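Input: a single structure, listed below in structure tokens.
Residue numbers (the UniProt record's numbering): 1 to 328.
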């Protein structure tokens with residue numbers, strides 16, 4: 001089974017299909033109920049196409065370790081960095097196949113497992129976005145065609161209900177359910193428009209990344225970047241050995257040279273210890289109790305690791321929360 005055939009599979013039963021059917025409420029008027037049953041089929045198709053895009057997008061974000069608010073440009077930036085970190089990959093490019101842009105690497109053989117999973121996730125979301133942009137307008141028109149008869153029937157709905165003997169509280173309930181069903185269709189249409197806009201922006205970001213990808217390849221693989229020394233936690237502790245050339249860790253590198261020896265503190269009790277008697281000092285600059293000279297101490301390392309700000313998490317909920325009393 002190819003990736004494209006897998007993406008075009010029909011929705012499984014017992015999931016979102018049942019949710020749509022439950023959202024459509026009965027009117028107790030046969031003409032209206034039949035009309036909304038036909039609209040429910042279009043609602044299921046629209047929901048299925050939207051869920052495929054959203055699921056593929058969230059899978060890519062999870063694979064990259066990003067929040068669900070990350071856009072396509074941010075996802076591609078992290079994906080490219082992971083590709084370029086592999087020693088056998090020296091070049092990346094975005095190439096179109098059947099009108100769909102894909103991220104291709106210069107690796108001739110099979111990719112490592114983590115890069116293969118990343119490649120599948122990127123290809124899947126690009127396929128889903130392209131498929132939705134190609135078929136989204138048709139789904140929108142089909143669903144909108146189900147909405148127009150509902151507006152037309154609503155104008156004389158009260159008369160139809162009275163003709164069929166539905167009056168009083170039953171008529172009010174039927175009117176409320178009718179308005180609810182119309183709002184479900186209108187809400188799905190709004191979601192289709194919003195997702196289409198999101199997909200268009202994503203494809204524009206892919207094109208902008210394609211234009212700057214050559215510069216990124218040159219920067220990542222330039223000799224100055226490859227040979228740049230990097231201080232890691234593994235070798236950071238070894239750098240303290242360089243400080244021994246200055247006498248000890250108790251003196252800064254700017255202290256004047258000279259023979260150093262510890263100042264005796266054996267004759268002083270713990271309560272009489274002075275701050276100037278702790279550590280190593282130069283014997284040429286010994287401080288008397290009445291002097292006001294200052295002893296140069298440690299230069300504290302105030303450099304802090306800069307962490308990127310965390311993004312707010314966003315949980316996509318496909319359901320609808322419409323007020324019952326909202327007018328059409």
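Where is the CB? At the ideal position from N, CA and C, for every residue including glycine.
Every value quoted in this text rests on a predicted model; they were computed, and no experiment measured them.
Residue environment: residue 79 is assigned as buried (16 or more neighbouring CB atoms within 10 Å of its CB, all protein chains considered). Contact between residue 25 and residue 181 holds, since their C-beta atoms are separated by about 6 angstroms, short of 8 angstroms. DSSP places residue 58 within a helical segment (H, G or I) once states are collapsed to three.
For the pair of segments examined, the stretch 140-151 was found to touch the stretch 31-45: the number of CB pairs separated by less than 8 angstroms reaches three. By the Cβ test, the stretch 119-139 is in contact with the stretch 57-77, since at least three Cβ pairs between them sit closer than 8 angstroms.
The C-alpha of residue 23 is placed about 8 angstroms away from the C-alpha of residue 184. Excluding sequence positions up to five before and after residue 116, its CB lies within less than 8 angstroms of the CB of 110, all in the same chain and listed in chain order. Judged by DSSP in its simplified three-state form, residue 167 adopts coil rather than helix or strand. Residue state for residue 118 is assigned as helix, using DSSP reduced to three classes. If you draw a 10 Å sphere on the C-beta of residue 132, you find 16 or more other C-beta atoms in it, and that means buried. Cβ-Cβ separation between residue 206 and residue 29: approximately 49 angstroms, too far for a contact (criterion under 8 angstroms).
DSSP places residue 92 in the uninterrupted beta strand (DSSP E) bounded by 92-97. The residue from 158, 95, 163, 186 with its alpha-carbon nearest to that of residue 173 is 158. DSSP places residue 81 inside the alpha helix (DSSP H), whose first and last residues are 72-84. By the neighbour-count definition (other C-beta atoms within 10 Å, threshold 16), residue 95 is an exposed residue. Between the beta-carbon of residue 53 and that of residue 195 there is about 6 angstroms, and that keeps the pair under the 8 angstroms contact cut. By the C-beta density criterion, residue 163 is exposed, having fewer than 16 other C-beta atoms within 10 angstroms. Around the beta carbon of residue 139, 16 or more other beta carbons sit within 10 angstroms, so the residue counts as buried.
Around the beta carbon of residue 125, 16 or more other beta carbons lie within 10 angstroms, which makes this residue buried. Taking residue 156 as reference, the option from 51, 178, 192, 48 with the minimal CA-CA separation is 178.
DSSP links residue 103 through a beta bridge to 94. Residue nearest to residue 211 within the set 161, 200, 103, 199 is 103 (criterion: CA-CA distance).
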